[in-house]
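So the sequence shown is residues 19 to 493, counted in the working numbering.
All residues carry an ideal CB built from backbone N, CA and C; glycine is no exception.
This structure is a prediction, so every number in the text was calculated from the model and none was measured.
Contents: one structure, followed by commentary.
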Amino acid sequence: MELLINDNFRAQLQTEIEFIDFIVNSILYKKCNNGSNKYILQSLKTGSNLLTGVKNNLAVDYLFEQLCLSNDPYIRKQAVDLIYHFKEKRTAIEALLFLIHDTDDIVFLPAIKASGDLKIIEALDHLMPLIGYPSEFFEIGTRLPVGLGHAYVAAAMEAILGTNDPSIIKQLEKTYLETGKLYLDANENENINNNTIDEYPELEGMVFIPEGKFLMGVNEDKIVNHRLSHSNATPMKEEYLAPYYIDKYPVTNAEYDIFVEDIKINGDRHFRHPDQPEDKNHTRNTIYDDRFKPDHPVTGVDWYDAYAYAKWSGKDLPTEKQWEKAARGTDGRLYPWGDDFNINYVNCLLGSDKTDITLTEWRHCLCETSNILPGKSTTYSIDKIKENISPYGVVGMVGNCWEYTKTNYYTKEDLDPQFKGLDVSEFLQDRDGYPVIKGGAWSSVSDMVSTWFRGKDLLTDRHCEIGFRCVKNIQ
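Right under this line is the structure:
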(Lines of atoms letter the chains of each structure in order from A and count residues from 1; the text may use other names and numbers.)
(Lines give C-alpha, C1' and ligand atoms only; values in the text may rest on other atoms or scores of the structure.)
Protein backbone atom coordinates (compact mmCIF):
# COMPACT_ATOMS: atom_id res chain seq x y z
CA MET A 1 0.00 0.00 0.00
CA GLU A 2 1.31 3.43 -0.92
CA LEU A 3 0.77 5.76 1.99
CA LEU A 4 -1.35 8.78 1.22
CA ILE A 5 0.02 10.56 4.24
CA ASN A 6 3.79 10.60 3.83
CA ASP A 7 6.44 12.95 5.16
CA ASN A 8 6.18 15.35 2.21
CA PHE A 9 2.41 15.52 2.49
CA ARG A 10 2.59 16.14 6.22
CA ALA A 11 5.25 18.82 5.88
CA GLN A 12 3.29 20.61 3.16
CA LEU A 13 0.11 20.46 5.20
CA GLN A 14 1.76 21.83 8.34
CA THR A 15 3.51 24.62 6.41
CA GLU A 16 0.31 25.72 4.69
CA ILE A 17 -1.73 25.61 7.91
CA GLU A 18 0.85 27.88 9.58
CA PHE A 19 0.83 30.15 6.51
CA ILE A 20 -2.98 30.44 6.63
CA ASP A 21 -2.91 31.26 10.33
CA PHE A 22 -0.30 33.95 9.71
CA ILE A 23 -2.20 35.61 6.85
CA VAL A 24 -5.56 35.48 8.60
CA ASN A 25 -4.28 36.72 11.95
CA SER A 26 -1.55 39.13 10.83
CA ILE A 27 -3.13 40.70 7.76
CA LEU A 28 -6.86 40.09 7.66
CA TYR A 29 -7.80 40.41 11.34
CA LYS A 30 -5.42 43.34 12.00
CA LYS A 31 -6.69 45.38 9.05
CA CYS A 32 -8.68 47.73 11.28
CA ASN A 33 -5.73 48.81 13.35
CA ASN A 34 -3.94 50.72 10.64
CA GLY A 35 -4.49 53.24 7.87
CA SER A 36 -7.34 54.54 5.79
CA ASN A 37 -10.27 52.65 4.36
CA LYS A 38 -8.38 52.36 1.08
CA TYR A 39 -5.39 50.87 2.89
CA ILE A 40 -7.61 48.40 4.74
CA LEU A 41 -9.30 47.19 1.54
CA GLN A 42 -5.93 46.86 -0.15
CA SER A 43 -4.66 44.78 2.79
CA LEU A 44 -7.64 42.46 2.48
CA LYS A 45 -7.01 42.05 -1.23
CA THR A 46 -3.31 41.39 -0.64
CA GLY A 47 -4.08 38.77 1.99
CA SER A 48 -6.55 37.01 -0.28
CA ASN A 49 -4.11 36.99 -3.17
CA LEU A 50 -1.46 35.37 -0.98
CA LEU A 51 -3.92 32.67 0.10
CA THR A 52 -4.44 31.52 -3.49
CA GLY A 53 -1.08 29.77 -3.14
CA VAL A 54 -2.52 27.11 -0.82
CA LYS A 55 -2.34 23.69 -2.56
CA ASN A 56 -3.02 20.95 -0.02
CA ASN A 57 -6.68 19.86 -0.03
CA LEU A 58 -6.86 19.62 3.76
CA ALA A 59 -5.28 23.06 4.06
CA VAL A 60 -7.92 24.42 1.65
CA ASP A 61 -10.60 22.92 3.92
CA TYR A 62 -8.98 24.65 6.89
CA LEU A 63 -8.72 27.94 4.98
CA PHE A 64 -12.42 28.14 4.17
CA GLU A 65 -13.36 27.07 7.70
CA GLN A 66 -11.32 29.95 9.15
CA LEU A 67 -12.77 32.53 6.76
CA CYS A 68 -16.41 31.41 6.67
CA LEU A 69 -16.74 31.18 10.45
CA SER A 70 -15.18 34.57 11.14
CA ASN A 71 -17.37 37.10 12.96
CA ASP A 72 -16.01 39.82 10.66
CA PRO A 73 -18.07 40.16 7.44
CA TYR A 74 -15.11 41.63 5.55
CA ILE A 75 -13.14 38.44 6.20
CA ARG A 76 -16.09 36.26 5.20
CA LYS A 77 -16.21 38.32 2.01
CA GLN A 78 -12.63 37.21 1.26
CA ALA A 79 -13.90 33.63 1.25
CA VAL A 80 -16.27 34.54 -1.58
CA ASP A 81 -13.41 36.08 -3.58
CA LEU A 82 -11.28 32.96 -3.07
CA ILE A 83 -14.07 30.66 -4.25
CA TYR A 84 -13.39 31.74 -7.83
CA HIS A 85 -9.79 30.55 -7.50
CA PHE A 86 -10.63 27.29 -5.71
CA LYS A 87 -13.80 26.53 -7.70
CA GLU A 88 -12.57 23.01 -8.54
CA LYS A 89 -12.47 22.14 -4.84
CA ARG A 90 -15.62 20.73 -3.27
CA THR A 91 -14.94 22.69 -0.09
CA ALA A 92 -15.11 25.97 -2.03
CA ILE A 93 -18.54 25.12 -3.42
CA GLU A 94 -19.81 24.14 0.03
CA ALA A 95 -18.47 27.45 1.36
CA LEU A 96 -20.31 29.29 -1.40
CA LEU A 97 -23.60 27.58 -0.57
CA PHE A 98 -23.05 28.41 3.11
CA LEU A 99 -22.30 32.08 2.42
CA ILE A 100 -25.42 32.53 0.29
CA HIS A 101 -27.26 32.50 3.62
CA ASP A 102 -24.95 35.00 5.35
CA THR A 103 -26.63 37.86 7.23
CA ASP A 104 -24.46 40.65 5.76
CA ASP A 105 -25.17 41.85 2.24
CA ILE A 106 -21.48 42.50 1.58
CA VAL A 107 -21.12 38.73 1.87
CA PHE A 108 -24.33 37.15 0.60
CA LEU A 109 -24.76 39.34 -2.48
CA PRO A 110 -21.28 38.46 -3.87
CA ALA A 111 -21.91 34.81 -2.93
CA ILE A 112 -25.19 34.80 -4.85
CA LYS A 113 -23.47 36.43 -7.82
CA ALA A 114 -20.67 33.86 -7.70
CA SER A 115 -23.21 31.01 -7.84
CA GLY A 116 -24.41 32.43 -11.15
CA ASP A 117 -20.96 33.28 -12.50
CA LEU A 118 -19.79 29.72 -11.81
CA LYS A 119 -23.14 28.19 -12.84
CA ILE A 120 -23.41 26.09 -9.68
CA ILE A 121 -26.54 24.05 -10.38
CA GLU A 122 -27.00 22.87 -6.79
CA ALA A 123 -27.17 26.53 -5.73
CA LEU A 124 -30.74 26.47 -7.05
CA ASP A 125 -31.70 24.59 -3.89
CA HIS A 126 -30.40 27.56 -1.89
CA LEU A 127 -31.69 30.33 -4.14
CA MET A 128 -35.27 29.10 -4.59
CA PRO A 129 -36.17 29.42 -0.89
CA LEU A 130 -35.14 33.09 -1.09
CA ILE A 131 -37.53 34.21 -3.86
CA GLY A 132 -39.51 31.15 -4.94
CA TYR A 133 -39.43 28.91 -8.00
CA PRO A 134 -37.76 30.53 -11.01
CA SER A 135 -40.81 29.81 -13.18
CA GLU A 136 -42.90 31.97 -10.85
CA PHE A 137 -40.36 34.76 -10.66
CA PHE A 138 -39.70 35.17 -14.37
CA GLU A 139 -43.33 35.00 -15.41
CA ILE A 140 -44.64 38.56 -15.71
CA GLY A 141 -46.86 39.62 -12.84
CA THR A 142 -46.29 36.50 -10.74
CA ARG A 143 -43.62 37.77 -8.35
CA LEU A 144 -42.55 41.29 -7.47
CA PRO A 145 -38.85 41.99 -6.88
CA VAL A 146 -37.99 43.45 -3.50
CA GLY A 147 -34.62 45.20 -3.61
CA LEU A 148 -31.07 44.06 -4.27
CA GLY A 149 -31.44 40.56 -2.89
CA HIS A 150 -34.20 39.61 -5.32
CA ALA A 151 -32.35 41.15 -8.22
CA TYR A 152 -29.13 39.25 -7.45
CA VAL A 153 -30.97 35.94 -6.98
CA ALA A 154 -32.90 36.39 -10.22
CA ALA A 155 -29.70 37.19 -12.12
CA ALA A 156 -27.95 34.15 -10.64
CA MET A 157 -30.86 31.88 -11.55
CA GLU A 158 -30.90 33.25 -15.07
CA ALA A 159 -27.17 32.57 -15.42
CA ILE A 160 -27.49 29.01 -14.05
CA LEU A 161 -30.53 28.19 -16.19
CA GLY A 162 -29.08 29.89 -19.24
CA THR A 163 -32.34 31.66 -20.11
CA ASN A 164 -35.05 33.99 -18.82
CA ASP A 165 -37.75 32.55 -21.08
CA PRO A 166 -40.61 31.47 -18.72
CA SER A 167 -41.67 28.52 -20.89
CA ILE A 168 -38.15 27.10 -21.09
CA ILE A 169 -37.57 27.75 -17.40
CA LYS A 170 -40.68 25.73 -16.53
CA GLN A 171 -39.29 22.73 -18.42
CA LEU A 172 -35.84 23.08 -16.83
CA GLU A 173 -37.36 23.51 -13.39
CA LYS A 174 -39.47 20.35 -13.75
CA THR A 175 -36.45 18.34 -14.92
CA TYR A 176 -34.31 19.65 -12.07
CA LEU A 177 -36.88 18.97 -9.35
CA GLU A 178 -37.36 15.41 -10.64
CA THR A 179 -33.75 14.44 -11.36
CA GLY A 180 -31.38 16.97 -9.81
CA LYS A 181 -30.12 17.85 -13.29
CA LEU A 182 -31.10 20.60 -15.72
CA TYR A 183 -30.66 18.65 -18.92
CA LEU A 184 -31.16 14.98 -19.69
CA ASP A 185 -29.40 13.27 -22.56
CA ALA A 186 -32.05 12.12 -25.02
CA ASN A 187 -30.25 8.77 -25.12
CA GLU A 188 -29.77 8.56 -21.37
CA ASN A 189 -29.17 4.97 -20.42
CA GLU A 190 -30.31 3.52 -17.13
CA ASN A 191 -27.41 1.07 -17.20
CA ILE A 192 -23.76 1.84 -16.60
CA ASN A 193 -22.49 4.32 -19.18
CA ASN A 194 -18.96 3.36 -20.18
CA ASN A 195 -18.49 6.60 -22.10
CA THR A 196 -19.06 8.48 -18.85
CA ILE A 197 -16.56 6.27 -17.05
CA ASP A 198 -13.91 7.04 -19.67
CA GLU A 199 -14.08 10.73 -18.80
CA TYR A 200 -12.62 10.14 -15.33
CA PRO A 201 -9.16 8.82 -14.41
CA GLU A 202 -8.67 5.52 -12.63
CA LEU A 203 -7.85 5.79 -8.92
CA GLU A 204 -5.86 2.99 -7.37
CA GLY A 205 -7.98 0.77 -5.16
CA MET A 206 -11.20 2.59 -6.05
CA VAL A 207 -14.14 1.98 -8.39
CA PHE A 208 -15.81 4.74 -10.38
CA ILE A 209 -19.60 5.03 -9.98
CA PRO A 210 -21.12 7.10 -12.82
CA GLU A 211 -23.78 9.73 -12.32
CA GLY A 212 -27.40 8.83 -12.87
CA LYS A 213 -30.50 7.34 -11.40
CA PHE A 214 -30.82 4.07 -9.49
CA LEU A 215 -33.45 2.20 -7.49
CA MET A 216 -33.16 2.45 -3.70
CA GLY A 217 -35.07 0.58 -1.00
CA VAL A 218 -37.37 -2.36 -1.57
CA ASN A 219 -40.97 -3.25 -2.39
CA GLU A 220 -42.89 -5.65 -0.16
CA ASP A 221 -43.64 -8.09 -2.96
CA LYS A 222 -39.92 -8.83 -3.34
CA ILE A 223 -39.34 -9.78 0.32
CA VAL A 224 -42.52 -11.60 1.39
CA ASN A 225 -40.69 -13.81 3.92
CA HIS A 226 -38.54 -11.12 5.50
CA ARG A 227 -38.56 -11.45 9.30
CA LEU A 228 -37.15 -8.10 10.49
CA SER A 229 -38.56 -4.58 10.65
CA HIS A 230 -37.99 -2.81 7.36
CA SER A 231 -40.76 -0.22 6.92
CA ASN A 232 -38.18 2.58 6.72
CA ALA A 233 -36.73 1.02 3.54
CA THR A 234 -40.03 0.78 1.64
CA PRO A 235 -41.24 1.41 -0.94
CA MET A 236 -38.52 1.26 -3.59
CA LYS A 237 -37.92 4.66 -5.17
CA GLU A 238 -35.76 6.24 -7.82
CA GLU A 239 -32.82 8.37 -6.69
CA TYR A 240 -30.16 10.37 -8.51
CA LEU A 241 -26.47 10.68 -7.62
CA ALA A 242 -23.57 12.65 -9.05
CA PRO A 243 -20.48 10.59 -9.99
CA TYR A 244 -18.05 9.44 -7.29
CA TYR A 245 -15.41 6.84 -6.49
CA ILE A 246 -15.73 4.17 -3.81
CA ASP A 247 -13.15 1.80 -2.34
CA LYS A 248 -13.15 -1.54 -4.14
CA TYR A 249 -12.66 -3.29 -0.79
CA PRO A 250 -13.42 -2.30 2.80
CA VAL A 251 -10.54 -0.80 4.77
CA THR A 252 -8.41 -3.59 6.24
CA ASN A 253 -6.92 -4.00 9.70
CA ALA A 254 -3.44 -3.50 8.21
CA GLU A 255 -4.42 -0.23 6.51
CA TYR A 256 -6.18 1.07 9.60
CA ASP A 257 -3.26 0.21 11.89
CA ILE A 258 -0.93 2.33 9.72
CA PHE A 259 -3.28 5.26 10.27
CA VAL A 260 -3.24 4.72 14.04
CA GLU A 261 0.56 4.58 14.17
CA ASP A 262 0.79 7.79 12.13
CA ILE A 263 -1.54 9.82 14.33
CA LYS A 264 0.16 8.54 17.48
CA ILE A 265 3.20 10.45 16.25
CA ASN A 266 1.63 13.37 14.40
CA GLY A 267 -1.80 13.72 15.98
CA ASP A 268 -5.24 13.78 14.38
CA ARG A 269 -5.88 17.54 14.56
CA HIS A 270 -6.57 17.87 10.84
CA PHE A 271 -8.63 14.68 10.50
CA ARG A 272 -10.83 14.41 13.56
CA HIS A 273 -14.54 15.15 13.52
CA PRO A 274 -15.28 18.44 15.37
CA ASP A 275 -17.48 16.52 17.81
CA GLN A 276 -14.89 13.83 18.55
CA PRO A 277 -14.02 13.44 22.25
CA GLU A 278 -10.76 15.20 23.13
CA ASP A 279 -9.11 12.12 24.65
CA LYS A 280 -10.07 9.83 21.74
CA ASN A 281 -7.97 6.67 21.29
CA HIS A 282 -8.33 5.43 17.70
CA THR A 283 -6.78 1.98 18.31
CA ARG A 284 -9.22 -0.76 17.24
CA ASN A 285 -10.41 -2.99 20.05
CA THR A 286 -9.57 -6.14 18.04
CA ILE A 287 -5.86 -5.27 17.92
CA TYR A 288 -4.85 -8.17 20.21
CA ASP A 289 -7.31 -10.74 18.81
CA ASP A 290 -5.51 -13.04 16.36
CA ARG A 291 -8.77 -14.03 14.66
CA PHE A 292 -8.89 -10.59 13.02
CA LYS A 293 -6.11 -10.91 10.43
CA PRO A 294 -4.31 -8.02 8.68
CA ASP A 295 -6.24 -8.63 5.42
CA HIS A 296 -9.64 -8.79 7.15
CA PRO A 297 -11.89 -5.72 7.12
CA VAL A 298 -11.17 -3.48 10.09
CA THR A 299 -13.71 -3.77 12.90
CA GLY A 300 -13.76 -2.78 16.54
CA VAL A 301 -13.92 0.91 15.59
CA ASP A 302 -16.60 3.54 16.09
CA TRP A 303 -18.00 6.16 13.71
CA TYR A 304 -15.50 8.81 14.84
CA ASP A 305 -12.63 6.41 14.08
CA ALA A 306 -14.02 5.77 10.60
CA TYR A 307 -14.51 9.49 9.95
CA ALA A 308 -10.92 10.31 10.99
CA TYR A 309 -9.44 7.54 8.84
CA ALA A 310 -11.44 8.68 5.81
CA LYS A 311 -10.17 12.27 6.19
CA TRP A 312 -6.61 11.06 6.81
CA SER A 313 -6.74 9.11 3.54
CA GLY A 314 -8.07 12.13 1.64
CA LYS A 315 -11.56 10.68 1.30
CA ASP A 316 -14.99 10.66 3.01
CA LEU A 317 -17.43 8.17 4.44
CA PRO A 318 -20.14 7.30 1.91
CA THR A 319 -23.71 8.45 2.24
CA GLU A 320 -26.28 5.68 2.47
CA LYS A 321 -27.30 6.41 -1.14
CA GLN A 322 -23.71 6.17 -2.37
CA TRP A 323 -23.19 2.90 -0.56
CA GLU A 324 -26.41 1.37 -1.85
CA LYS A 325 -25.91 2.36 -5.49
CA ALA A 326 -22.37 0.96 -5.44
CA ALA A 327 -23.71 -2.30 -3.98
CA ARG A 328 -26.65 -2.92 -6.30
CA GLY A 329 -26.19 -0.92 -9.50
CA THR A 330 -29.23 0.65 -11.14
CA ASP A 331 -31.69 -2.24 -11.37
CA GLY A 332 -32.74 -2.56 -7.72
CA ARG A 333 -31.33 -6.05 -7.14
CA LEU A 334 -31.55 -7.44 -3.62
CA TYR A 335 -27.94 -8.68 -3.50
CA PRO A 336 -24.82 -7.53 -5.34
CA TRP A 337 -24.97 -10.63 -7.58
CA GLY A 338 -28.75 -10.65 -8.24
CA ASP A 339 -32.09 -11.31 -6.56
CA ASP A 340 -31.48 -14.83 -5.22
CA PHE A 341 -29.73 -15.36 -1.90
CA ASN A 342 -26.76 -17.75 -2.00
CA ILE A 343 -25.15 -18.71 1.29
CA ASN A 344 -21.91 -19.60 -0.56
CA TYR A 345 -21.49 -16.01 -1.73
CA VAL A 346 -21.49 -14.35 1.67
CA ASN A 347 -19.91 -14.61 5.13
CA CYS A 348 -22.81 -14.55 7.57
CA LEU A 349 -24.67 -16.75 10.06
CA LEU A 350 -21.51 -17.13 12.17
CA GLY A 351 -19.85 -19.15 9.43
CA SER A 352 -22.71 -21.65 9.20
CA ASP A 353 -24.06 -22.89 5.89
CA LYS A 354 -27.58 -23.22 7.31
CA THR A 355 -30.20 -21.06 5.62
CA ASP A 356 -33.16 -22.03 7.79
CA ILE A 357 -31.89 -20.88 11.18
CA THR A 358 -34.62 -19.31 13.30
CA LEU A 359 -34.21 -15.91 14.93
CA THR A 360 -34.29 -17.58 18.36
CA GLU A 361 -31.49 -19.99 17.38
CA TRP A 362 -29.54 -17.09 15.93
CA ARG A 363 -29.78 -15.06 19.13
CA HIS A 364 -28.61 -18.02 21.21
CA CYS A 365 -25.62 -18.44 18.90
CA LEU A 366 -24.76 -14.76 19.24
CA CYS A 367 -24.61 -15.10 23.01
CA GLU A 368 -21.85 -17.69 22.56
CA THR A 369 -19.85 -15.57 20.12
CA SER A 370 -18.02 -12.31 20.71
CA ASN A 371 -14.62 -10.69 20.43
CA ILE A 372 -13.73 -12.12 23.86
CA LEU A 373 -14.58 -15.75 23.09
CA PRO A 374 -11.81 -17.55 21.15
CA GLY A 375 -12.28 -20.14 18.43
CA LYS A 376 -15.45 -18.74 16.83
CA SER A 377 -15.74 -17.75 13.19
CA THR A 378 -15.49 -14.03 12.54
CA THR A 379 -14.43 -11.92 9.55
CA TYR A 380 -12.81 -13.27 6.38
CA SER A 381 -10.13 -11.88 4.09
CA ILE A 382 -11.62 -9.00 2.08
CA ASP A 383 -11.35 -10.90 -1.23
CA LYS A 384 -12.00 -14.48 -0.11
CA ILE A 385 -15.45 -14.75 -1.73
CA LYS A 386 -15.06 -13.84 -5.40
CA GLU A 387 -18.78 -13.98 -6.20
CA ASN A 388 -19.64 -11.24 -3.68
CA ILE A 389 -19.22 -8.43 -6.21
CA SER A 390 -21.50 -5.65 -7.38
CA PRO A 391 -22.37 -4.72 -10.99
CA TYR A 392 -19.71 -2.00 -10.79
CA GLY A 393 -17.02 -4.36 -9.47
CA VAL A 394 -17.15 -3.34 -5.80
CA VAL A 395 -16.25 -6.34 -3.63
CA GLY A 396 -17.70 -7.62 -0.35
CA MET A 397 -20.57 -5.17 0.07
CA VAL A 398 -22.73 -7.63 2.01
CA GLY A 399 -21.72 -9.92 4.85
CA ASN A 400 -18.31 -10.07 6.59
CA CYS A 401 -18.85 -6.73 8.36
CA TRP A 402 -21.42 -3.98 8.51
CA GLU A 403 -20.18 -0.71 7.01
CA TYR A 404 -20.62 2.79 8.42
CA THR A 405 -22.17 5.56 6.36
CA LYS A 406 -22.38 9.26 7.18
CA THR A 407 -26.18 9.22 6.97
CA ASN A 408 -28.46 9.71 9.97
CA TYR A 409 -30.69 6.64 10.34
CA TYR A 410 -33.75 8.67 11.27
CA THR A 411 -33.52 11.87 9.25
CA LYS A 412 -31.66 10.35 6.25
CA GLU A 413 -29.54 13.53 6.16
CA ASP A 414 -25.81 13.76 6.93
CA LEU A 415 -25.09 12.83 10.54
CA ASP A 416 -24.40 15.94 12.65
CA PRO A 417 -23.59 14.87 16.22
CA GLN A 418 -23.33 17.53 18.92
CA PHE A 419 -22.33 15.45 21.92
CA LYS A 420 -18.86 16.71 22.84
CA GLY A 421 -18.31 16.68 26.60
CA LEU A 422 -21.40 14.57 27.25
CA ASP A 423 -21.54 11.13 28.82
CA VAL A 424 -22.91 8.41 26.54
CA SER A 425 -25.93 8.05 28.82
CA GLU A 426 -26.89 11.65 27.99
CA PHE A 427 -27.28 11.02 24.24
CA LEU A 428 -28.19 7.33 24.18
CA GLN A 429 -31.74 8.19 23.13
CA ASP A 430 -30.78 11.06 20.82
CA ARG A 431 -31.62 10.36 17.18
CA ASP A 432 -28.59 12.34 16.03
CA GLY A 433 -26.36 9.64 17.46
CA TYR A 434 -27.25 6.84 15.06
CA PRO A 435 -25.59 6.47 11.65
CA VAL A 436 -26.92 4.03 9.08
CA ILE A 437 -24.87 0.84 8.79
CA LYS A 438 -25.23 -1.31 5.69
CA GLY A 439 -24.55 -4.79 4.39
CA GLY A 440 -24.79 -7.08 7.39
CA ALA A 441 -21.90 -9.00 8.95
CA TRP A 442 -20.42 -12.39 9.72
CA SER A 443 -22.79 -12.48 12.70
CA SER A 444 -25.95 -11.58 10.75
CA VAL A 445 -28.91 -13.65 9.61
CA SER A 446 -29.62 -13.68 5.88
CA ASP A 447 -32.41 -11.09 6.31
CA MET A 448 -29.73 -8.46 7.01
CA VAL A 449 -27.17 -9.23 4.32
CA SER A 450 -28.72 -7.40 1.40
CA THR A 451 -28.18 -4.23 -0.59
CA TRP A 452 -31.26 -2.48 0.76
CA PHE A 453 -31.53 -3.37 4.48
CA ARG A 454 -30.93 -0.47 6.88
CA GLY A 455 -29.16 -1.09 10.18
CA LYS A 456 -28.15 1.43 12.83
CA ASP A 457 -25.78 1.67 15.77
CA LEU A 458 -24.75 4.28 18.33
CA LEU A 459 -21.85 6.23 16.83
CA THR A 460 -19.60 5.75 19.90
CA ASP A 461 -20.03 1.96 20.10
CA ARG A 462 -17.19 -0.24 18.88
CA HIS A 463 -18.14 -3.71 17.65
CA CYS A 464 -16.18 -6.51 16.04
CA GLU A 465 -18.98 -6.59 13.44
CA ILE A 466 -18.77 -3.02 12.02
CA GLY A 467 -16.17 -1.58 9.65
CA PHE A 468 -16.24 0.82 6.70
CA ARG A 469 -14.98 1.78 3.28
CA CYS A 470 -14.46 5.27 1.85
CA VAL A 471 -15.56 7.36 -1.12
CA LYS A 472 -13.98 10.21 -3.05
CA ASN A 473 -16.51 12.75 -4.25
CA ILE A 474 -16.26 14.47 -7.62
CA GLN A 475 -17.36 18.06 -8.21
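Are residue i and residue j touching if we call contact CB-CB under 9 Å?
i           : j           : result
residue 482 : residue 365 : no
residue 489 : residue 263 : yes
residue 230 : residue 337 : no
residue 346 : residue 259 : no
residue 169 : residue 141 : no
residue 94  : residue 120 : yes
residue 128 : residue 99  : yes
residue 285 : residue 470 : no
residue 375 : residue 463 : yes
residue 423 : residue 341 : yes
residue 419 : residue 380 : no
residue 244 : residue 472 : no
residue 322 : residue 280 : no
residue 72  : residue 62  : no
residue 455 : residue 267 : no
residue 475 : residue 246 : no
residue 449 : residue 319 : no
residue 41  : residue 87  : no
residue 291 : residue 398 : no
residue 104 : residue 74  : no
residue 261 : residue 492 : yes
residue 12  : residue 339 : The structure shown does not extend to residue 12, since the chain spans only 19 to 493, so no value can be given for it.
residue 367 : residue 359 : no
Closest Cβ-Cβ distance between residue i and chain B: below 9 Å?
i           : result
residue 377 : This model lacks chain B altogether; it includes just one protein chain.
Tell me the DSSP bridge mates of residue i?
i           : result
residue 456 : 421 and 472
residue 315 : 270
residue 501 : Within the shown structure, residues of the chain are numbered from 19 to 493, placing residue 501 beyond reach of any answer.
residue 432 : 425
residue 139 : In DSSP, residue 139 forms no bridge with anything.
residue 490 : 263
residue 356 : 353
residue 334 : 489
residue 484 : 420
residue 361 : In DSSP, residue 361 forms no bridge with anything.
residue 407 : 413
According to the neighbour-count rule (16 or more other Cβ atoms, all chains shown, within 10 Å of its Cβ), is residue i buried or exposed?
i           : result
residue 218 : exposed
residue 421 : buried
residue 432 : exposed
residue 457 : buried
residue 130 : buried
residue 33  : exposed
residue 191 : buried
residue 203 : With a pLDDT of only 41 at residue 203, under 50, the local geometry of the prediction cannot be trusted, and the value read off the model is given with reservation. Residue 203 should be labelled exposed.
residue 289 : buried
residue 29  : exposed
residue 253 : exposed
residue 147 : exposed
residue 152 : buried
residue 404 : exposed
residue 117 : buried
residue 84  : buried
residue 312 : exposed
residue 44  : exposed
residue 171 : buried
residue 382 : exposed
Less than 8 Å between the CB atoms is what I'm expecting for residue i and residue j, so what's the real figure, rounded?
i           : j           : result
residue 328 : residue 408 : In fact, because the Cβ distance is near 20 Å, the residues do not count as touching under 8 Å.
residue 227 : residue 410 : 6 Å
residue 485 : residue 269 : 7 Å
residue 271 : residue 242 : Between residue 242 and residue 271 the Cβ distance is about 39 Å, and since that is not below 8 Å, they are no contact.
residue 38  : residue 97  : Actually they do not touch by this definition, with Cβ atoms about 12 Å apart.
residue 225 : residue 412 : 5 Å
residue 453 : residue 428 : The pair is not a contact, with the Cβ atoms about 10 Å apart (cut-off 8 Å).
residue 178 : residue 137 : 5 Å
residue 101 : residue 114 : 5 Å
Next on the checklist: List, from N- to C-terminal side, the alpha helix (DSSP H) runs of 4 residues or more that fit wholly inside the segment 223-270.
Outcome noted: With a minimum length of 4 residues, no continuous alpha helix (DSSP H) run stays inside the segment 223-270.
Item to check | Contained alpha helix (DSSP H) runs [length at least 4] in the segment 29-113, N- to C-terminal order | outcome: 55-69, 75-86 and 91-103
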